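One line per chain: the protein sequences are W and B, in this order.
Going by my numbering, the final residue of the first sequence carries number 159, and the count climbs one at a time with no gaps.
Going by my numbering, the final residue of the second sequence carries number 159, and the count climbs one at a time with no gaps.
All C-beta atoms in this analysis are idealised placements derived from N, C-alpha and C, irrespective of residue type, glycine included.
Nothing here was measured: the structure is a model prediction, and the numbers come from that model.
See structure below.
Number of protein chains: 2
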Amino acid sequence: MAIDHLDGRIIVLLAREPRIGVLEMSRRLGVARGTVQARMDRLQANGVIRGFGPEVDPAALGYPVTAFATLQIRQGQGAGVRAHLATVPEVLELHTTTGTGDMLCRLVARSNADLQRVIDRVVGIEGIVRASTAIVMENPVPLRIIPLVEQAAEEEE
Amino acid sequence: MAIDHLDGRIIVLLAREPRIGVLEMSRRLGVARGTVQARMDRLQANGVIRGFGPEVDPAALGYPVTAFATLQIRQGQGAGVRAHLATVPEVLELHTTTGTGDMLCRLVARSNADLQRVIDRVVGIEGIVRASTAIVMENPVPLRIIPLVEQAAEEEE
DNA sequence: TATTCACTGGGCAAAGTGACCAGTGGATGC
DNA sequence: GCATCCACTGGTCACTTTGCCCAGTGAATA
Chain W
3 MAIDHLDGRI
13 IVLLAREPRI
23 GVLEMSRRLG
33 VARGTVQARM
43 DRLQANGVIR
53 GFGPEVDPAA
63 LGYPVTAFAT
73 LQIRQGQGAG
83 VRAHLATVPE
93 VLELHTTTGT
103 GDMLCRLVAR
113 SNADLQRVID
123 RVVGIEGIVR
133 ASTAIVMENP
143 VPLRIIPLVE
153 QAAEEEE
Chain B
3 MAIDHLDGRI
13 IVLLAREPRI
23 GVLEMSRRLG
33 VARGTVQARM
43 DRLQANGVIR
53 GFGPEVDPAA
63 LGYPVTAFAT
73 LQIRQGQGAG
83 VRAHLATVPE
93 VLELHTTTGT
103 GDMLCRLVAR
113 SNADLQRVID
123 RVVGIEGIVR
133 ASTAIVMENP
143 VPLRIIPLVE
153 QAAEEEE
């Protein structure tokens, strides 16, 4: 789906001040309220904006340790491993990737010691051949989308 | 920060129906409006809820390819590399991890072919010794937080 | 030329918001 | 035992925003 400049400004504005209302947005952007409303409906209908869920900080919840685990899966065991990992709350994200039948998952834990428990639970299923874990120290670029939105909006001018 | 059962229910409710208002939440949860309001203020003040930014789907924006790149950095060049990667819109996320002075970054691209351009741009700076990239095929567990919130809430009953 | 489409600017009732208030019950400290 | 603190309740208030409607305009398209 193509995004124009106004769409881009709407998304960026939403990202910067999420609690802003449609009326206030229309004032800031200098367009009619109905326009903003229609654009937002379209963006959501097209799946560009998936939702407005609360961004929860795992660290504030007591899970300050983040790690990425690369898993090597035995042929044909992928489905079982996926289902297993989905049941572990500390698995925040799971991807299957190219390479030697690998998966990559994002984990959190209460401490470095606790991470051992999480990993034990993660690998506690048939089908995982090998797991290698990298603990996150810093997060210089937290998950972001604004630069990409701006680029996408410019390309459709 | 400790989270109790009511906090947990508030977050889960918000995650499921993000556009819900304080009044409607208080009705669903069976508590007074002021209580929900006070809890939300506290959750945000404590950083548990970071915000309510729109969740934008890169695929819908025209970037359907996701990849993770592991970068090996030459000693002492970390700062420069970080700054460089922050300027690349396709870099959605960057972590420094344990291991041999490594970084892990999440990339998106318009196609597999376009990924080459993105990677060239990523590694186009002094200080990156080696980059290995894994392309994401499936995403069986998209970034989620609800199970963790529920676990954290139960532990504080 | 006729039609379609996005946008404007306006108006309406209904609902939600932020801000208050007094009252209640439980836990804590003296 | 008693006073104090705190979170919660249930209510009010003025104000703003929402969702929904409308007719009119200008640009692009058939």
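- An exposed status is given to Glu-128 (chain B), since fewer than 16 other beta-carbon atoms sit within 10 Å of its beta-carbon.
- Rounded to the nearest whole angstrom, the C-alpha separation of Asp-9 (chain W) and Val-24 (chain W) is 13 Å.
- If you draw a 10 Å sphere on the C-beta of Ala-111 (chain B), you find 16 or more other C-beta atoms in it, and that means buried.
- In this structure, Met-42 (chain W) keeps its C-beta atom at 8 Å or more from the C-beta atom of Ile-75 (chain W).
- Burial is judged here by how many other beta carbons sit within 10 angstroms of a residue's own beta carbon; Gly-32 (chain B) has fewer than 16 and is exposed.
- Interface annotation for the segment 91-104 of chain B against chain W: Pro-91, Glu-92, Val-93, Leu-94, Glu-95, Leu-96, His-97, Thr-98, Thr-99, Thr-100, Gly-101, Asp-104, criterion Cβ-Cβ distance under 7 Å.
- Each residue's CA atom was taken as its position, placing Arg-52 (chain B) and Thr-68 (chain B) some 25 Å apart.
- Listed in chain order, the alpha helix (DSSP H) runs fully inside the segment 73-152 of chain W are 80-88, 114-125, counting runs of at least 4 residues.
- Taking 8 Å as the cut-off, the beta carbon of Ile-137 (chain W) is found closer than this to the beta carbon of Thr-100 (chain B).
- The secondary-structure analysis by DSSP pairs Ala-69 (chain B) across a beta bridge with B:Leu-109, B:Ile-137.
- Listed in chain order, the positions of the segment 105-119 of chain B with a beta carbon within less than 9 Å of a beta carbon of chain W are Met-105, Leu-106, Cys-107, Arg-108, Val-110.
- Taking every protein chain shown into account, the CB of Ala-115 (chain W) has fewer than 16 other CB atoms within 10 angstroms, so this residue is exposed.
- When DSSP states are grouped into helix, strand and coil, Ile-22 (chain W) belongs to the coil group.
- Counting only the Cα atoms, Ile-22 (chain B) lies some 20 Å from Leu-15 (chain W).
- Taking a cut-off of 8 Å for Cβ pairs, the segment 80-94 of chain W and the segment 141-149 of chain B touch, as three or more such pairs fall below it.
- Comparing alpha-carbon positions, the option among W:Ala-85, W:Glu-156, W:Asp-59, W:Val-151 lying closest to Ala-17 (chain W) turns out to be W:Val-151.
- Around the beta carbon of His-7 (chain W), fewer than 16 other beta carbons sit within 10 angstroms, so the residue counts as exposed.
- Under the 8 Å criterion on CB atoms, Arg-52 (chain B) is classed as interfacial with respect to chain W.
- At a Cβ-Cβ threshold of 8 Å, Phe-54 (chain W) and Pro-60 (chain B) do not count as neighbours.
- At a cut-off of 8 Å between beta-carbon atoms, Gln-74 (chain W) makes no contact with chain B.
- Rounded to the nearest angstrom, the gap between the Cα atoms of Arg-108 (chain B) and Phe-70 (chain B) is 5 Å.
- In the structure shown, Val-38 (chain W) falls within a helical segment according to DSSP collapsed to helix, strand and coil.
- The beta carbon of Val-131 (chain W) lies closer than 6 Å to those of Gln-74, Arg-76 in the same chain, with the five residues before and after it left out.
- In the structure shown, Ile-51 (chain B) falls within a strand segment according to DSSP collapsed to helix, strand and coil.
- Within the segment 132-152 of chain W, Ala-136, Ile-137, Val-138, Met-139, Glu-140, Asn-141, Pro-142, Val-143, Pro-144, Leu-145, Arg-146, Ile-147, Pro-149, Leu-150, Val-151, Glu-152 place their CB atoms closer than 8 Å to a CB of chain B, listed in sequence order.
- Residue burial annotation: Gly-78 (chain W) is exposed, with fewer than 16 other C-beta atoms found within 10 angstroms of its C-beta.
- For the set W:Ala-154, W:Pro-66, W:Val-120, W:Ile-121, the Cα lying nearest the Cα of Met-139 (chain W) is the one of W:Pro-66.
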